[in-house]
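> Numbering (mature numbering (1 follows the signal peptide of the UniProt record, and there is no 0)), first residue to last: -21 to -1, 1 to 87. Submitted below is the structure of interest, expressed as structure tokens.
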């Protein structure tokens, strides 16, 4: 019985950490943020093919008549499923974006 309480506490902490695994402690997403902008590139998610994005780029995603304007500001320069950051009610159609570093992130 002495083992049950610490084990339960550890499991609850692990689950709570996983629930917010894609967010900083401030609540901001690891992948960018939704913006209001009139300057963006439009991507229709019904069109197949890779979605290559440069970090810092503003994209308007269109899916089933709904739009999402997103600034890709990712700590990960890799494949990111749109479902990781899409709001409830927006259908990402199982698609992912491929985020590359911008010219200021290469270092050197």
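Even for Gly, the Cβ is constructed at its ideal location relative to N, Cα and C. Everything numeric in this text was worked out from a predicted model, so none of it was measured.
Helix or strand or just coil, what does DSSP make of residue 76?
Residue 76 sits at position 97 when you count from the first residue of the chain shown. Of the three classes helix, strand and coil, the one that applies to residue 76 here is strand, per DSSP.
> Tell me the rounded alpha-carbon separation between residue 11 and residue 53.
The count along the chain shown starts at 1 and reaches residue 11 at position 32. The count along the chain shown starts at 1 and reaches residue 53 at position 74. Put simply, the backbone Cα of residue 11 is about 5 Å away from that of residue 53.
> Along the chain, where does the beta strand (DSSP E) that runs through residue 81 open and close?
For the purposes of this step, residue 81 is taken as the residue at position 102 of the chain shown. It is not in any beta strand (DSSP E) - residue 81 carries neither H nor E in the DSSP assignment.
> Locate the beta strand (DSSP E) running through residue 51, then write down its first and last residues.
What you label residue 51 is simply residue 72 of the chain shown in a count that begins at 1. 45 to 51 is the extent of the beta strand (DSSP E) around residue 51.
> With DSSP run on the structure shown, which of helix, strand or coil describes residue 61?
For the purposes of this step, residue 61 is taken as the residue at position 82 of the chain shown. Correct three-state label for residue 61: helix.
> Would you mind stating whether residue 19 and residue 41 have Cβ atoms separated by less than 7 Å?
Taking the chain shown and counting its residues from 1, one reaches residue 19 at position 40. Taking the chain shown and counting its residues from 1, one reaches residue 41 at position 62. Not a contact, by the Cβ cut-off of 7 Å.
> May I have the straight-line CA-CA distance separating residue 80 from residue 46, to the nearest angstrom?
Translated into the one-based positions of the chain shown, residue 80 becomes position 101. Translated into the one-based positions of the chain shown, residue 46 becomes position 67. About 25 Å.
> Rounded to whole angstroms, what's the CA-CA distance from residue 99 to residue 4? Just pull it up for me.
Residue numbering for the chain in the displayed model covers -21 to 87; residue 99 lies beyond these limits and cannot be assessed.
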